[in-house]
């Protein structure tokens, strides 16, 4: 007997076998994810039951929904003839009947293209700000875009907003010229004085002159004709645009070593943040006239935008302060060591880093601000919720609740959710860059 | 060689106010102060002028005048003959009531959802994500109106609760959900109920003392006392014992259907329910995110280290994870409470009589005292938020990581 045949060990390899059925594919996934323990199994069943009970109620309601009818009673008639008495069916006809009102309020019908175009212009102009890999030269377009936005929305001559914007250019030029000729500080004073002088004395003249040479005009639209999502978006975007610089200044004030400036900023921020927005809005509508010279009376929408701006500026100040505090002290000291003065060190070293850290927080503040624009309904502006009340007050659509709520909620969800996703994208990107 | 050290004479020139950094900050502050004072005095003089033109003065005497309006939801005694000050007080208590209820429920929802969202269970975590995103991205006002509409449109009318009706009462005929609100039993306090209350408070003190003792003992000797069972025992046993010993000093008055509506019991109005639930669900979604990020902020090494020490999972959670997560969770949690309190002013949407509706609403309309009313209203909210944020600062300083 040869020893070679006597082997206690298997000489040839076994072929690979499939894993047991319970350890692969769907079954394994289900076991690991849904039924890993008793508690988990109960939770899974409970959630499935919940989802099922919600869907089984809502699905027929959605599936049977009626999209074309002139009134709620007509909707019910259609439902009764096609589906039978008492069947559950949504009446989205209210949306197809009134969607223009929900989106544009009482904006003149032939001018609907204007808010839409304004939104498109705004989105285009915000792109180079949001996505840093686009060419920087596009930012010039972003800076000029407010002229077009204002002109498209309110109409009148394009030269009115353009000539107001020109004040900023005048300030910038004055700063450059005076700062080069004498000192920085005088330049700063000139930069403040020149636009103020220009606005008080020359704006109207310049606008009229330009308009008589090249008349570009659109029919005027009053502020009280704005409504619906147009109004929400305008208040939201204006609040965002104005509150960001103000908020940054407040944050710098709160971090400042100057005792007086510091205390004033803290007081402003705490007072604004301590009181609900709705109280501020009532202040704007009830009290603002007390604080201004007798006889002044200005646009309610403008007042609301001012209040919303101040309100969100206080919140943004706190977010930016967080960013400023998060920077290592070495950055401040390095800026000082380079001999930069306060504004240069802030502009070149501190703020770029601090703002980068605080962008997600700023975006979250903006989401909050946009949702809060619904509160203007209480001081008589017709935002989507106000319009839904108005629609329900008409005889045609008395008793329509859910369809309107769902439409409004969905619109807000789309806006806010996409802003939230953008903030997540930024957070991830910043994490990558910091590593 | 001698070096003559020529110290420059300290002379002060006016231009130093601008160019010398030692004086420049002072100059800037003085200028800012003057500008602020100027604009403030401009505002004040405008206000005085406007008030004069309108023939109004600035005083708070209206607070002691009879209010003359009814408040349907009140915790303290109030009639339409009571003063405006009393009405404001009722409103403040209502605000605090809904804020307290909202904060409690929002915390429970938030903690549950935050933990469940981290669960490995796919269905559960998806469901929770849908809840959080859904509530965070839709305005609170819409939720309040929607829940109010559900309560008043989709719930059965009181007459449906009659014999042969379509609706029935819940929990052994003690609770009824109707379109006029939820009716719940009302406790009636007889003689001896104060003793019962005192016993209950004492047992709470006992629980607190026992927990302290158990913690101290564990720190010193390592023995672990059965804290949970003893606490539960202390919570229930003495109170229930005294309840029967004193001959049932507390009874319940059940709501009953009489005429067109329920009689007796407590009517929790739709306005309160809509506000309470909407605030809780909305804030709960934010708290869930805070809890989730707090738990995720504790690095995985901490859990692994605790397991390596031989701690069981629940002790790991209690002794290692939670104390560290709490440090991250508590500050934003308190600012959410603050937000909830401020958001309760949205009561205006459903007619809940909070402080904005009484002091900042009907009182202002009746007396024409916009300036004084809004000032008091703002002061109330400001005080509330300053108190809460100072408490938060104290807590933060105590819990701060003590490095070096």
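Residue numbers (my numbering), protein chains in the order written: chain A, 1 to 435; chain B, 1 to 404.
C-beta: ideal position from N, C-alpha, C; glycine also.
Remember, predicted model here, so these are calculated numbers, not experimental data.
Would you mind telling me which residues of chain A sit closer than 9 Å to residue i, beta carbon to beta carbon, in chain order?
{"i": "residue 356 of chain B", "result": "276, 278, 279, 282"}
{"i": "residue 374 of chain B", "result": "279, 282, 283, 286, 287"}
{"i": "residue 53 of chain B", "result": "294"}
{"i": "residue 50 of chain B", "result": "289, 290, 291, 292, 293, 294"}
For a contact defined as C-beta to C-beta under 8 Å, what are the partners of residue i on chain A?
{"i": "residue 120 of chain B", "result": "32, 33, 36, 40"}
{"i": "residue 47 of chain B", "result": "290, 291"}
{"i": "residue 381 of chain B", "result": "274, 275, 276, 279"}
{"i": "residue 360 of chain B", "result": "279, 282"}
{"i": "residue 300 of chain B", "result": "The premise fails here: residue 300 of chain B is roughly 17 Å from chain A at the closest Cβ pair, so nothing lies under 8 Å."}
Interface residues of chain A around residue i at Cβ under 7 Å?
{"i": "residue 139 of chain B", "result": "371, 374, 412"}
{"i": "residue 133 of chain B", "result": "417"}
{"i": "residue 370 of chain B", "result": "286, 287"}
{"i": "residue 345 of chain B", "result": "276, 278, 279"}
{"i": "residue 377 of chain B", "result": "279"}
On the premise that residue j lies in contact with residue i, defined as a C-beta separation below 8 Å, what is that separation, rounded to the nearest angstrom?
{"i": "residue 134 of chain A", "j": "residue 124 of chain A", "result": "Not really, about 11 Å apart at Cβ, beyond 8 Å."}
{"i": "residue 72 of chain A", "j": "residue 400 of chain A", "result": "6 Å"}
{"i": "residue 158 of chain A", "j": "residue 147 of chain A", "result": "7 Å"}
{"i": "residue 322 of chain A", "j": "residue 345 of chain A", "result": "Their Cβ separation, rounded to whole angstroms, is 19 Å, which puts residue 322 of chain A and residue 345 of chain A out of contact at 8 Å."}
{"i": "residue 127 of chain B", "j": "residue 51 of chain A", "result": "7 Å"}
{"i": "residue 200 of chain B", "j": "residue 231 of chain B", "result": "So it is not a contact: roughly 14 Å between Cβ atoms."}
{"i": "residue 299 of chain B", "j": "residue 338 of chain B", "result": "Going by Cβ atoms, the distance from residue 299 of chain B to residue 338 of chain B rounds to 29 Å, so no, they are not a contact pair."}
{"i": "residue 276 of chain A", "j": "residue 381 of chain B", "result": "6 Å"}
{"i": "residue 115 of chain A", "j": "residue 104 of chain A", "result": "6 Å"}
Along chain B, which residues have their Cβ under 7 Å away from the Cβ of residue i?
{"i": "residue 110 of chain A", "result": "The contacting residues do not exist; residue 110 of chain A stays about 31 Å from chain B at best."}
{"i": "residue 416 of chain A", "result": "137"}
{"i": "residue 225 of chain A", "result": "Those do not exist, as residue 225 of chain A stays about 23 Å from chain B at its closest Cβ, beyond 7 Å."}
Closer than 9 Å by beta-carbon distance: list the chain B residues that pair up with residue i, in chain order.
{"i": "residue 270 of chain A", "result": "382, 385, 386, 389"}
{"i": "residue 51 of chain A", "result": "123, 127"}
{"i": "residue 242 of chain A", "result": "Under the 9 Å cutoff, chain B gives no residues; its nearest Cβ is about 19 Å from residue 242 of chain A."}
{"i": "residue 385 of chain A", "result": "139, 141, 142, 145, 349"}
{"i": "residue 44 of chain A", "result": "121, 122, 123, 124"}
Could you confirm whether any beta carbon from chain E is found closer than 8 Å to the beta carbon of residue i?
{"i": "residue 201 of chain B", "result": "Any reference to chain E falls outside this structure, whose protein chains are A and B."}
In the region 123-211 of chain B, which residue ranges form an unbroken beta strand (DSSP E) of at least 3 residues, counting only runs that do not cross its ends?
176-178, 181-184, 186-189
What are the residues in the region 283-295 of chain A lying within 8 Å of chain B by C-beta distance?
283, 286, 287, 289, 290, 291, 292, 293, 294
What residues in the region 396-410 of chain A have a beta carbon less than 7 Å from any beta carbon of chain B?
401, 405, 408, 409
Under 8 Å, with one C-beta from each stretch per pair, do the region 274-281 of chain B and the region 100-116 of chain B reach the 3-pair mark?
yes
Contacting positions in the region 144-163 of chain B - beta carbon closer than 8 Å to chain A
145, 146, 149, 153
Ordered list of alpha helix (DSSP H) runs contained in the region 94-156 of chain A, each at least 4 residues
113-130, 138-154
The region 54-69 of chain B / the region 274-288 of chain A touching (three or more Cβ pairs under 8 Å)
no
Evaluate the contact criterion for the region 166-178 of chain A versus the region 193-208 of chain A: three or more CB pairs, one atom per stretch, below 8 Å.
yes
Counting Cβ pairs closer than 8 Å, one from the region 400-408 of chain A and one from the region 107-119 of chain A, do we hit at least three?
no
Between the region 312-330 of chain B and the region 356-374 of chain B, do three or more beta carbon pairs fall short of 8 Å?
no
Enumerated in chain order, which unbroken segments of the alpha helix (DSSP H) with a length of 4 residues or greater are wholly contained in the region 257-305 of chain A?
259-274, 277-282, 288-291
Under 8 Å: do the region 281-298 of chain B and the region 126-146 of chain B share three or more Cβ pairs, one atom per stretch?
yes
The region 147-165 of chain A / the region 208-218 of chain A touching (three or more Cβ pairs under 8 Å)
yes
Given a limit of 7 Å on CB to CB distance, which residues of the region 175-193 of chain A reach chain B?
185
On the three-pair Cβ rule with 8 Å, is the region 353-363 of chain B touching the region 271-282 of chain A?
yes
Spell out a yes or no on whether the region 27-40 of chain A and the region 358-370 of chain A are touching, meaning 3 or more CB-CB pairs, one atom from each, closer than 8 Å.
no
On the three-pair Cβ rule with 8 Å, is the region 266-277 of chain B touching the region 183-190 of chain B?
yes
At a cut of 8 Å, does the region 228-235 of chain A reach the region 375-389 of chain A through at least three beta carbon pairs?
yes
Can you list, in chain order, the residues of the region 88-107 of chain A whose Cβ is nearer than 9 Å to any Cβ on chain B?
none
Which runs of the alpha helix (DSSP H) at least 4 residues long sit entirely within the region 155-212 of chain A? Give them in chain order.
159-181, 184-201
State whether the region 232-241 of chain A contacts the region 296-307 of chain A, with contact taken as three or more CB pairs (one from each stretch) at a distance under 8 Å.
yes
Kindly confirm or deny that the region 302-309 of chain B and the region 209-222 of chain B touch, where touching means at least three C-beta pairs closer than 8 Å.
no
Segment contact flag, the region 291-298 of chain B with the region 65-78 of chain B, C-beta cutoff 8 Å, min 3 pairs
no
Per the contact definition of three or more C-beta pairs closer than 8 Å, is the region 249-258 of chain B in contact with the region 185-194 of chain B?
yes
Which ranges does the alpha helix (DSSP H) cover as unbroken runs of at least 4 residues, wholly within the region 223-256 of chain B, from first to last along the chain?
227-245
Residues, ordered as in the chain, of the region 10-44 of chain B that lie near chain A by beta-carbon distance below 7 Å:
18, 25, 28, 29, 32, 33, 36, 43
Taking only runs of the alpha helix (DSSP H) that begin and end inside the region 271-322 of chain B, which ones reach a length of at least 4 residues, in chain order?
300-308
Under 8 Å, with one C-beta from each stretch per pair, do the region 259-278 of chain A and the region 15-23 of chain B reach the 3-pair mark?
no
Entirely within the region 56-86 of chain A and at least 4 residues each: give me those alpha helix (DSSP H) ranges in chain order.
72-82
Residues, ordered as in the chain, of the region 256-267 of chain A that lie near chain B by beta-carbon distance below 8 Å:
257, 258, 259, 260, 261, 264
Taking a Cβ distance cut-off of 9 Å, strictly less, list which residues of the region 305-336 of chain A are near chain B, in chain order.
none
Determine, using beta-carbon pairs with one atom in the region 187-196 of chain B and one in the region 236-245 of chain B, whether at least three such pairs fall under 8 Å.
yes
Pairing CB atoms from the region 183-191 of chain A with CB atoms from the region 250-262 of chain A, are three or more of them under 8 Å?
no
Could you name each continuous alpha helix (DSSP H) segment of 4 residues or more that falls completely within the region 41-119 of chain B, going from the start of the chain to the end?
84-117
Name the residues in the region 61-80 of chain A whose C-beta lies less than 7 Å from a C-beta of chain B; which are they?
none
Closer than 9 Å between beta carbons: that is the criterion. Which residues of the region 206-219 of chain B meet it against chain A?
none
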